[in-house]
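These notes concern the structure reproduced below.
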Amino acid sequence: MAFLEIDNLHYRYDETTALDNLSLSVDRGSICALVGPDGAGKTTLIRLLCRLIAPQTGTVSIDGEDLFDVATPLTDRLGYMPQSFSLYTDLSVEENLRFYAGVFGLTGSAYIEKRDYLYTFSRLGPFAKRRAGALSGGMKQKLALSCALLHDPELLILDEPTTGVDPVSRRQFWAILDDLRRAGVTIFVSTPYMDEASRADRITCLFSGQRLATGTADEVAATFIGSILRIDGVADADRLARLDALAGVTAQRFGAGVHLYLPSDMSADEVMPRVVELGIPRSAITERTPSVEDRFIQLMSGAGESEADNV
Amino acid sequence: MLRAYLGVLRKEFLQVRRDPIMLRLIFIMPILQLVLLGYAVNLDVKRIAVDVYDYDQTEQSRRFVQAMQPNDYFIPTAMTGSEDVRPTWHVPERFRTGDADMALILPENFSEELALGGNVTIGLVADASDANQASIGTGYAGQIVRQFNERELGIVPPLDISVKALYNPEGESVYYMVPGIVATLLTMITVMLTAMAIVRERETGTLEQVLVTPINATVLLLGKITTFAILGFIEIVIALTVGVLWFGVPFVGSPVLLFALAALYLFTTLGIGMLFSTMTSTQQQAMFLAWFFTVFAILTSGFFTPIDNMPEWLQAITVVNPMRWFMEIVRAIMMKGAGISDVLHAVYPLVIIGISVFSLALARFSKRVA
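Going down the list, the protein sequences come from chains A and B.
Just so we're aligned, residue 98 is where the first sequence starts under my numbering, counting upward by one.
Just so we're aligned, residue 225 is where the second sequence starts under my numbering, counting upward by one.
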């Protein structure tokens, strides 16, 4: 049995269904990345896992124990970092750490030891006296992570920890997560960044409260149906529309370019001349191996269509 | 759990200390308000401007006017015109301009009739747009007439009344006000700060973070409440010190009893603050609700107007106002030296209100965070 087992979880806000019979499992000591567009149900799932809300139906077990059984002493095994910075901005770095340490019953030399250890990886030591509200985005996240790690949780739940953080800090943050995984911590992290998700052991794509795919980055990418042509250069609305209008293909904006998704029965050689006809130089067109992101875009557009059909 | 509780307490005090505006609000505002209110809310009526229309113009009529002057209650102005005394149609005009508050009219046969042993009626017109001053002023005038009867004419009425005012013989309204202000400040600070501090945790998301820790919401809540209870006590000490040292308000009763019952009162106001925090989602909403409550509580507490003067239905409402009972307790202990048995009738309602409000707030709070 996996460390974290989510089974048929269903959560509904008044009108909208946020999670639709979701099942998922995460192995001990692995990083599971949760990706999906806004409103996919990521935060709802995370808040359920933190027992902040209760589902209408479904079960979650952590290390074999029922999460929603209130008798389960869950909180000392779980570290949580909410999406928005939610430490005390008017308290200093050290005061925040100390408060949460006290909350977890960590005092005296045990606390000092833990604090100094956390300072070494977060590099927040020199800023100990600074108010949390005056920290940069990256430092805030590292402080929040430190507070979530004070009690050595077995399961770390992070809701978009790197949103709004600069690329360097993001890389540092993920390096810390890698270290934690090596130390045996199970990490459940949601992120809007596909490059980050690819660093996880397993990626789960959530869309409209449903799980579209789960697997390693390569596994997910391998399920891509068809092939891809990448067109570099300006991806303005006009070019995108003209490419999308080509029979049989779908055009998706992808970074600073366009990805043209070809169905399995269509070869690149077939499509290439038609693209060149649109006035795009041959040199700007390359064949591309599908990535996780491509697969997700494909899945999401597919899911979108089937949903439209149901209406 | 105790450790966690102490941790919350420590954190709350750090936060209070960190917020200079809050600190000022808590400690300087009460002193300022006490001093200001102590002077401004002065119901004593003195120096009433009286226009005297003396149509008699004799030695005796002047003596009557003089009789009004000691004590500072009245400031008579002789309304003599260029040749003779001005006609009384000037009275409304003088009231309108605010130059006079009352008019005293002595008829021209004043001393003549008195000498003959007849009945004389003098006129007293009061500007009752200030109802309080008018009624107190006419009362003073009645006393002066009685004294004049005795002294000048040797007439002692067969039935007399001997009035003795206990606890505040000079009728100093500041004695009466300071205990009231203490109760008001305590309510304002505790209800508002508690409601705002709890809502702030929800508003900034810190509550969510704390809820995913071994301490439960109740411990967090208790820590907060203790903090504001302590601040409330500091508040009382400041207010009483200023009241006693600055305004010379007598403190007859037992301070220990007052503090014990203040703790009971704080239990109700902190409960109300907590209840408000469960009914609002932003600090502004919490503040408005707390403000609205405080105004309502002050008006129905008997602070400015006696509860006995209120219509029956309003009197019935005041029963659920904890400030009404605490107001009574503070005044009774401070001014009359009341003991616990004297104020028990006000203690019971406080206990009932406190327990109901507190349990309701706790129930709503745990439901909202669940």
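Note that the Cβ used here is the ideal one computed from N, Cα and C, for glycine as well.
How long is the line joining the alpha carbons of residue i and residue j, rounded to whole angstroms?
i	j	result
Asp160(A)	Phe100(A)	5 Å
Thr312(B)	Tyr277(B)	7 Å
Leu121(A)	Arg379(A)	44 Å
Met503(B)	Tyr110(A)	20 Å
Val402(B)	Ile522(B)	14 Å
Ser501(B)	Thr140(A)	25 Å
Arg228(A)	Glu210(A)	22 Å
Leu464(B)	Leu409(B)	11 Å
Asp335(A)	Asp391(A)	21 Å
Leu203(A)	His248(A)	8 Å
Met363(A)	Glu102(A)	40 Å
Ala405(A)	Gly234(A)	Reliability fails at Ala405(A), whose pLDDT of 35 lies under 50, so the model's placement of it is uncertain and no value is given.
Gln293(B)	Thr301(B)	11 Å
Ser403(A)	Leu357(A)	Only weak support exists for where Ser403(A) lies, its pLDDT of 39 falling under 50; the coordinates are left without a value.
Phe528(B)	Ile346(B)	34 Å
Asp213(A)	Glu425(B)	28 Å
Gln307(A)	Leu119(A)	6 Å
Thr450(B)	Leu233(B)	7 Å
Val240(B)	Cys244(A)	22 Å
Ala400(A)	Ser305(A)	For Ala400(A), the predicted model reports a pLDDT of 46, less than 50, meaning its position is unreliable; a value from the coordinates is still stated below. For Ala400(A) and Ser305(A), the distance between alpha carbons rounds to 9 Å.
Asp292(A)	Tyr489(B)	59 Å
Phe520(B)	Pro479(B)	28 Å
Ile541(B)	Pro250(A)	53 Å
Tyr216(A)	Phe393(A)	37 Å
Leu260(B)	Val466(B)	12 Å
Of all Cβ atoms in chain B, is any one closer than 8 Å to the Cβ of residue i?
i	result
Leu242(A)	no
Asp173(A)	yes
Glu374(A)	no
Tyr108(A)	no
Gly202(A)	yes
Phe224(A)	no
Phe304(A)	no
Ser398(A)	no
Using a Cβ-Cβ cutoff of less than 7 Å, which residues in the same chain neighbour residue i once the five nearest sequence positions on both sides are dropped?
i	result
Met236(A)	Leu221, Phe224
Met98(A)	Gly161
Thr411(B)	Thr493, Thr518, Ala521, Met547
Of all the CB atoms in chain A, is at least one closer than 8 Å to the CB of residue i?
i	result
Leu435(B)	yes
Lys235(B)	yes
Pro438(B)	yes
Gln239(B)	yes
Arg242(B)	yes
Gly361(B)	no
Gly231(B)	yes
Thr428(B)	yes
According to the Cβ coordinates, are residue i and residue j closer than 8 Å?
i	j	result
Leu175(A)	Cys129(A)	no
Thr283(A)	Leu252(A)	yes
Ser183(A)	Thr430(B)	yes
Ile531(B)	Arg555(B)	no
Ala332(A)	Gly312(A)	no
Ala389(B)	Leu513(B)	no
Val415(B)	Phe517(B)	yes
Asp384(B)	Gly361(B)	no
Ala365(B)	Ala358(B)	no
Phe334(B)	Ser386(B)	no
Ala228(B)	Ile439(B)	yes
Gly495(B)	Phe582(B)	yes
Thr186(A)	Gly230(A)	yes
Ile299(B)	Ile272(B)	yes
Leu149(A)	Leu435(B)	yes
Pro597(B)	Thr493(B)	Outside the displayed span of chain B (225 to 594) sits residue 597(B), for which this structure offers no information.
Glu376(B)	Arg287(B)	yes
Enumerate in chain order the residues of its own chain whose CB-to-CB distance from residue i is below 8 Å, with the five nearest sequence positions on each side excluded.
i	result
Asp166(A)	none
Gln257(B)	Ile405, Leu409
Pro535(B)	none
Excluding the 5 residues preceding and the 5 following residue i in the sequence, name in chain order all residues of the same chain whose CB lies nearer than 6 Å to its CB.
i	result
Ala381(A)	Ile328, Asp329, Gly330
Val398(B)	Gly262, Phe471
Arg596(B)	Since the first residue shown for chain B is 225 and the last is 594, residue 596(B) is missing from the structure and cannot be characterised.
Leu417(B)	Phe452
Ala294(A)	Ala130, Val132, Thr288, Ile300
Arg296(A)	Trp271
What residues of chain E sit near residue i, judged by a beta carbon separation below 8 Å?
i	result
Arg227(B)	Checking the listed chains, one finds no chain E in this structure; the protein chains it contains are A and B.
Checklist entry - Three or more beta-carbon pairs under 8 Å between the region 270-287 of chain B and the region 440-452 of chain B, yes or no? => result Judged by Cβ distances under 8 Å, the region 270-287 of chain B makes no contact with the region 440-452 of chain B, as fewer than three pairs qualify.
Checklist entry - Would you call the region 339-346 of chain B and the region 315-323 of chain B touching, i.e. three or more CB-CB distances under 8 Å? => result Taking a cut-off of 8 Å on C-beta distances, the region 339-346 of chain B does not touch the region 315-323 of chain B, as fewer than three cross pairs fall below it.
Checklist entry - Are the region 287-297 of chain A and the region 253-263 of chain A touching by the rule of at least three beta carbon pairs closer than 8 Å? => result In short, these stretches touch, since the Cβ pair count reaches three.
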